[in-house]
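In what follows, a structure is listed as structure tokens, so that the remarks can point back to it.
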Amino acid sequence: MSLHDPKTGRPQKISKLLDFVSQRKIQFSAKEQQETAAFMTRPKIEKLIITGVLSNWSEEKSTIRVELDSLTIWLTGKENLTKIDKGWEGELFEELSEIRQENRFEILNNFLKSVSHDGCIQADTVEVVGATFAPPEAFIPNCENLKLADVQQECLLEWITSSLQIRREFKNFDVDCWSVEVPIRPFIQGLKVSKHLKIRCETGMTDEELEGIEAMDLTISSDQITPAAAKIRLLKFLKFGKRHEKLEIRTVHPQFFDAQRDLFSDSWIVKKIPQDYEEGGEFIGKIFSGFENIHGIQDNREFSCDYYGDSMRIFCAVVEKSKTSLTFLGKNAIAIVTTMNKRTASKITNYKINLIGTNKTMQMTQEATLTTEHALNDRCDYSLITAQTNLVERMEKLEIEADGVVMEVPFRKTKYSAPKPVVFCVSPQFAAEQWQTFLVQIHISKRYGAYLQLYIVSMVESYYKLIKEYEKLGLVSIEPWLTIKFPVTDGPYLEPNRNVELRNQAAAHTDCLLMYKEAVSFVGILDMDDILIPTNANSYYEEFEREYGGSWEISALHYDKFDYRTIKTGDLNTQTISSMVKNARRLKTKDAGKSFLRPERFNSTWSHYSRNSDHKPIYLTAGQNPIYWYKKLVTTNGIFHLKKMDYIDSKKIPGGALPVNPGDNITELITEKHLKEIDEDLKEMLLHPDISNLASTLPQSDFYMDIVFSCYNESFYHIRDTKWLYNDITCVNAFDCELPQREDMPCVHSDATYHSGPSMFPITFHYATDSFFSRDIGCYQ
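Going by the working numbering, the letters in the sequence shown line up with residues 968 to 1748, in that order.
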């Protein structure tokens, strides 16, 4: 919901942006600079980031994105024509855009002059990413933390030189740019870095210089470093290094070098892990003990020394324990996803229940911790409540106990492997008929390395059969998502399906998160029509790793959701993904975004993001000051939301053109090469007779889609669009939507055997077993 300033009537973010620009006297032209030259004091900048983004279709055209604390400026153009866009907290406001007959590099220089004080840019942190141009004259930073990443080799030395004009002492100094040709040694000699030093270029650093580096978190490359100096640094790292610091040294390996002999202390207890194709002198394994750490970190250390031609890489870090130990669940953890009526207790998360675990030799009882992703004042009476604790190894029976009453409940084990390192948890589908949307989602996800987990309430049978064929090929998993039913009750009760948010989506996404928690690196929370295409990356994994950047402060990545209208045809065998992508037209509307997260950081999630994403204190070590999580908005990309798809004749498909990326508004949404690969993959899939034979049975026109959209609009969309949708006033639910049934369009619907436990106060537990899909219920919620 966009809040407005009562004085100006503008959205509050625009007012904040304009106030920020005014207070800091930010200008874009030399003329403006002269008029305000008398203004001398400037507030200190927390973070300044300059990012270069090249156009995919014009070598002369590019975008320079400048982030100054909460303000973002986009300078897009070529030669002496520049479009200036402005945004606040990552959100672009087109009404503030302007076009100037000036070069974007001159505008950048004038901008930097306007934020400078005493001839330099006073900031805590300055970052330059992807620059393909020389630094502006006014780029003279005076900061504690400096990072240059992916800067073009031809201008890297100029950026380093400009960055070091004022200051040579830093907390963090990071040159994450691969190059063996740039002679940076004269410029980095004498640098003092106290916490984190990373220079991936060849530095020519000597043994003496390595010994003088204070920072323990160290990545350095130098052909001059000897094994003796590397051993001294390794000993120092084991003694003084903190938990999340790492040591990485790249140098040459001498003839007859042996890592265990030349780098290790005789007092260490180590274990070597044999490798295929191992070269003599390499060592990959663990250091268990035999050293002391002043911070009390005696965990096992991961160690490797491996060869790359004449070079070797020495690496050491604390061994990260299994994901469960990082997620607040712990060893032998149990998590139960429930839906409870929160009005039955004054504060539902204080409700006391015990979980009892039994194995062959023992039984353990523990009080469960209850958490929720919903605000306790939400209008929906029923909420997702997650109960968790830690019980016994190899558990064979799980029971719930409350107020002296005990009942057994079924449980299943989490997955420990998955086909891909990324899984997308797709919201429960009901009365689903949009099989074209599934084809776009499955083939784009497959191309960029994600596995789909689908939850289905009800679906047109032919569409269901299509997805089942993809499931047989190992590209997707299907799970029935059940309507809530109470087989036995003690008396009147509030009907749950009408009083829970949107088919209990948060519970489905939490179930998926917990299911894949130990198996994948990233989990995405999205709807079937939410299409994410990586930008400047070949896979989701690559993009997510890049955006996290190893940060412990980033809880999740959040992508805005941009609405599009496009075309589709009713003919499966002539279907192409490119026709749907190239004929997409962006609408003026946006929807609430979606999050992609590291599963080890969460035990539950809401339908768009976890409500625990922001302002949550995290303690990495005992007694340490906490860091605070925040949800990172990815401004360089956005979700391609297929909000509306119109049927057209398969013989009259327009050629279309690639839309631009909705995040940066400059690069193409997808490359022609990747789109061609995706189309070829679909064609190959349609060669399977079991898939192509479904063509005549799939829906050829919209039926349920129009009914559901109209009902949603009447139920809550119109409230949302008028900015009056408040969680404590409206329960977002459309269970009362009337869905007519058609004999010529049979549906499958989830079903199960439902059970009720013994009466408990104030909450009685109900559960289901043996879930399946039935043809006897119809297309209902």
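Glycine is no exception: its CB is placed at the ideal position from the N, C-alpha and C atoms.
Alpha carbon of residue i to alpha carbon of residue j, nearest angstrom
i, j, result
"Val-1304", "Tyr-1747", "23 angstroms"
"Leu-1042", "Arg-1032", "6 angstroms"
"Thr-1736", "Pro-1666", "32 angstroms"
"Ile-1264", "Leu-1201", "15 angstroms"
"Ala-1090", "Asn-1112", "9 angstroms"
"Ala-1662", "Leu-1539", "5 angstroms"
"Lys-1452", "Ser-1668", "33 angstroms"
"Thr-1634", "Arg-1568", "32 angstroms"
"Thr-1018", "Ala-1098", "6 angstroms"
"Arg-1513", "Arg-1565", "13 angstroms"
"Leu-1706", "Ile-1066", "50 angstroms"
"Ile-1762", "Asn-1471", "Summary: the structure shown does not reach residue 1762, with the chain confined to residues 968 through 1748, and so no result is reported for it."
"Glu-1363", "Cys-1392", "28 angstroms"
"Val-1286", "Thr-1450", "43 angstroms"
"Val-1372", "Phe-1728", "9 angstroms"
"Phe-1489", "Lys-1413", "15 angstroms"
"Pro-1593", "Cys-1479", "29 angstroms"
"His-1641", "Met-1426", "30 angstroms"
"Ser-1292", "Ser-1232", "Caution applies to Ser-1292, whose pLDDT of 38 falls short of 50 and renders its modelled position unreliable; the model cannot decide the point."
"Met-1652", "Ser-1506", "21 angstroms"
"Lys-1380", "Gln-1396", "25 angstroms"
"Lys-1599", "Gly-1516", "11 angstroms"
"Gly-1441", "Thr-1638", "26 angstroms"
"Met-1329", "Tyr-1734", "26 angstroms"
"Glu-1178", "Phe-1224", "21 angstroms"
"Tyr-1586", "Val-1160", "25 angstroms"
"Ile-1261", "Asn-1267", "15 angstroms"
Residue i and residue j closer than 9 angstroms at C-beta
i, j, result
"Glu-1136", "Leu-1158", "yes"
"Phe-1078", "Phe-1140", "no"
"His-1211", "Ala-1182", "no"
"His-1608", "Asp-1673", "no"
"Ser-1574", "Ile-1492", "yes"
"Gly-1605", "Tyr-1508", "no"
"Cys-1168", "Ile-1151", "yes"
"Asn-1321", "Gln-1333", "yes"
"Ile-1088", "Ile-1127", "no"
"Val-1376", "Gly-1324", "no"
"Asn-1076", "Glu-1104", "yes"
"Pro-1153", "Ser-1129", "no"
"Ala-1399", "Met-1495", "yes"
"Arg-1071", "Ser-1029", "yes"
"Ile-1301", "Thr-1339", "no"
"Lys-1535", "Asp-1613", "yes"
"Leu-1469", "Asn-1660", "no"
"Lys-1382", "Ala-1474", "no"
"Val-1118", "Ile-1016", "no"
Beta-bridge pairing of residue i - partner residues as DSSP gives them
i, result
"Pro-1447", "Ile-1423"
"His-1716", "Ser-1425 and Ser-1741"
"Glu-1514", "DSSP, once it has assigned bridges, lists no residue as partnering Glu-1514."
"His-1608", "Asp-1497 and Asp-1530"
"Cys-1283", "Leu-1214 and Phe-1270"
"Lys-1238", "Lys-1253"
"His-1410", "His-1410 is not bridged to any residue."
"Gln-1330", "Thr-1325"
"Cys-1392", "Gln-1420 and Ile-1492"
"Glu-1366", "Ile-1323 and Glu-1375"
"Gln-1749", "No answer is possible for residue 1749: the residues shown for the chain start at 968 and end at 1748."
"Met-1307", "Ser-1350"
"Leu-1600", "His-1525"
"Gln-1355", "Ala-1302 and Thr-1336"
For the structure I just gave you, are there three or more beta carbon pairs, one from the segment 1520 to 1536 and one from the segment 1410 to 1427, closer than 8 angstroms?
no
Where are the alpha helix (DSSP H) runs, 4 residues long or more, that stay fully inside the segment 1077 to 1116, in chain order?
none
Ordered list of beta strand (DSSP E) runs contained in the segment 1012 to 1066, each at least 3 residues
1012 to 1021, 1029 to 1035, 1038 to 1045 and 1048 to 1055
Please give the ranges of any beta strand (DSSP E) in the segment 1548 to 1573, keeping only runs that are unbroken, at least 3 residues long and fully inside the region.
1552 to 1564
Quick one: which unbroken alpha helix (DSSP H) runs of 4-plus residues sit fully inside the segment 1148 to 1213? Chain order, please.
1152 to 1155, 1174 to 1178 and 1194 to 1207
Any contact of the segment 1045 to 1062 with the segment 983 to 991, i.e. 3+ C-beta pairs under 8 angstroms?
yes
Entirely within the segment 1643 to 1681 and at least 3 residues each: give me those beta strand (DSSP E) ranges in chain order.
none
Check whether the segment 1218 to 1227 touches the segment 1277 to 1285, taking contact to mean three or more Cβ pairs, one atom from each stretch, closer than 8 angstroms.
yes
Using 8 angstroms as the Cβ pair cut-off and three pairs as the minimum, do the segment 1367 to 1374 and the segment 1713 to 1721 touch?
no
Any contact between the segment 1620 to 1639 and the segment 1593 to 1603? By contact I mean 3 or more CB pairs, one from each, below 8 angstroms.
yes
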